[in-house]
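Residue numbers (our numbering): 276 to 670. Glycine included, C-beta positions come from ideal geometry on N, C-alpha and C. Accompanying notes for the structure given below.
As structure tokens, then:
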């Protein structure tokens with residue numbers, strides 16, 4: 276599906292001239308390393324022995340019985356070291372950076388999980404690390420900010436724009452331009468200029484490569500549906516990748532509808548977005564009729580991004596994947612449901628996917644199966660959920 280950095284009509288490289296040579300060098304190095312047995316051995320050794328892969332594919336029996344219909348399996352990326360799928364991609368990109376001779380990693384983060392993963396791997400590999408994070412997200416995710424600092428990284432508070440993830444991406448890109456010779460920008464989602472969406476997809480595809488093998492071992496057949504939350508889309512494209520050629524498998528991304536898709540307080544990019552260019556790529560974005568990027572909102576700091584990765588835009592346009600909006604209220608209800616039925620406190624991002632599983636499973640037969648990816652654990656969101664419910668607790 277990728278041709279010269281394009282996914283159908285989306286993707287590409289829309290960056291300042293100063294970054295073009297660097298992007299071309301990253302692409303050249305990465306394409307060579309992708310076929311290098313020694314690089315793949317080093318990456319998979321770290322994935323297995325440091326990040327704790329393979330992650331479990333868990334049959335959620337209580338949730339299945341409560342909802343009725345299809346058998347529900349949970350892909351437990353929340354059990355990875357650092358608590359989210361983000362570690363898969365960061366390990367890969369950081370090893371590319373080392374092979375290029377870079378001394379420093381920089382990254383953006385929304386919910387903080389990508390920042391924690393980057394800070395962790397920088398410490399492991401002996402690299403400097405700086406993280407850019409919106410002021411609004413710092414307020415919502417102070418625990419993760421402290422974790423990044425404990426790991427030796429410097430966290431920059433971003434106060435421009437709406438002070439969330441898109442503004443952190445802007446700040447990280449600006450910082451990269453000023454120090455490109457010694458710095459590698461570890462993009463956290465399947466967004467940005469080529470080759471980042473391709474690299475992130477490749478490194479996160481370990482999720483679906485494992486779950487495809489695991490579900491066949493457990494049930495003797497492929498799943499009928501794969502469900503994952505979508506912000507920029509790294510978790511979802513990793514969950515979909517190994518099933519893209521299996522037309523019998525429905526692929527469903529769950530995007531943040533916030534206060535509702537008919538309000539201004541939402542981040543439902545596929546539902547309400549239009550084609551545009553931002554953050555170095557052509558994709559779908561929430562924007563004004565004049566083409567200005569809209570401010571976005573979600574209870575989830577990891578999903579309030581105004582765009583979506585170009586491969587998702589192409590999959591939606593081609594009809595290969597379906598994208599559905601989930602509101603804050605639905606996500607919070609699902610957050611509590613999975614905690615009480617399965618004893619799992621999942622990230623509020625992942626709760627968006629659980630909320631759709633609640634709708635989907637009862638419409639399916641008991642001999643059918645759904646895989647739902649839990650992209651991260653919910654420790655970081657407990658205080659936010661308490662505040663949402665009007666409960667006062669000490670963070």
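Determine the extent of the alpha helix (DSSP H) in which residue i is found, giving its start and end residues.
i, result
"residue 518", "Looking at the DSSP string, residue 518 is not in any alpha helix (DSSP H), and its letter there is neither H nor E."
"residue 590", "585 to 593"
"residue 473", "471 to 479"
"residue 631", "623 to 635"
"residue 289", "Where residue 289 is concerned, there is no enclosing alpha helix (DSSP H), given that its DSSP letter is neither H nor E."
"residue 448", "440 to 453"
"residue 671", "Residue 671 is absent from the structure shown; the chain starts at 276 and stops at 670."
To the nearest angstrom, how far is the alpha carbon of residue i from that of residue j?
i, j, result
"residue 610", "residue 579", "18 Å"
"residue 555", "residue 566", "15 Å"
"residue 456", "residue 377", "8 Å"
"residue 535", "residue 598", "15 Å"
"residue 659", "residue 619", "17 Å"
"residue 401", "residue 587", "34 Å"
"residue 521", "residue 668", "46 Å"
"residue 595", "residue 515", "10 Å"
"residue 552", "residue 448", "15 Å"
"residue 624", "residue 577", "7 Å"
"residue 222", "residue 287", "For the chain, the structure presents residues 276 to 670; residue 222 sits outside this window and is missing."
"residue 641", "residue 649", "22 Å"
"residue 628", "residue 653", "14 Å"
"residue 429", "residue 464", "20 Å"
"residue 437", "residue 575", "15 Å"
"residue 305", "residue 615", "44 Å"
"residue 604", "residue 663", "10 Å"
"residue 589", "residue 285", "6 Å"
"residue 621", "residue 302", "35 Å"
"residue 509", "residue 479", "7 Å"
"residue 352", "residue 441", "24 Å"
"residue 501", "residue 523", "11 Å"
"residue 549", "residue 324", "42 Å"
"residue 608", "residue 630", "8 Å"
"residue 276", "residue 354", "Residue placement at residue 276 cannot be trusted, given a pLDDT of 41 that sits under 50; what the coordinates show is reported in the next sentence. About 31 Å."
Using 8 Å for Cβ pairs, my map puts residue i next to residue j. What's the rounded Cβ distance?
i, j, result
"residue 491", "residue 497", "7 Å"
"residue 585", "residue 568", "Not quite, the Cβ-Cβ distance comes to about 16 Å (not below 8 Å), so this is no contact."
"residue 424", "residue 408", "Wrong, their Cβ atoms sit about 11 Å apart, outside the cutoff."
"residue 356", "residue 651", "That pair is no contact at about 12 Å."
"residue 420", "residue 387", "7 Å"
"residue 573", "residue 533", "5 Å"
"residue 318", "residue 283", "In fact, because the Cβ distance is near 28 Å, the residues do not count as touching under 8 Å."
Of the residues the options, which one's Cα is nearest the Cα of residue i?
i, options, result
"residue 645", "636, 651 and 653", "636"
"residue 544", "516, 600 and 489", "600"
"residue 462", "480, 425, 530 and 393", "393"
"residue 460", "388, 437 and 371", "371"
"residue 333", "358, 617, 285 and 359", "617"
"residue 339", "625, 612 and 621", "612"
"residue 458", "382, 281 and 358", "382"
"residue 373", "335, 327, 440 and 314", "314"
"residue 417", "666, 284, 512 and 657", "657"
"residue 379", "306, 454 and 633", "454"
"residue 300", "470, 615 and 499", "470"
"residue 451", "489, 466, 406 and 482", "406"
"residue 344", "559, 634 and 607", "634"
"residue 529", "546, 540 and 517", "546"
"residue 335", "329, 512, 632 and 442", "632"
"residue 445", "550, 296, 291 and 503", "291"
"residue 375", "495, 298, 541 and 330", "298"
"residue 583", "527, 519, 507 and 607", "507"
So, is residue i buried or exposed, given that buried needs 16 or more other C-beta atoms within 10 angstroms?
i, result
"residue 362", "buried"
"residue 571", "buried"
"residue 320", "exposed"
"residue 468", "buried"
"residue 422", "buried"
"residue 475", "buried"
"residue 593", "exposed"
"residue 472", "buried"
"residue 537", "exposed"
"residue 666", "exposed"
"residue 638", "exposed"
"residue 268", "Because the chain here runs from 276 to 670, residue 268 falls outside it and cannot be looked at."
"residue 316", "exposed"
"residue 655", "buried"
"residue 328", "buried"
"residue 661", "exposed"
"residue 296", "exposed"
Which first and last residues belong to the beta strand (DSSP E) in which residue i is found?
i, result
"residue 393", "Taken as a continuous stretch (DSSP letters only), residue 393 belongs to no beta strand (DSSP E), being part of the alpha helix (DSSP H) at 388 to 400."
"residue 347", "346 to 351"
"residue 334", "332 to 334"
"residue 550", "549 to 553"
"residue 525", "525 to 533"
"residue 382", "379 to 384"
Any heavy atom of the ligand FAD inside 6 Å of the beta-carbon of residue i?
i, result
"residue 531", "Among the components modelled here there is no ligand, and therefore nothing to report on the ligand FAD."
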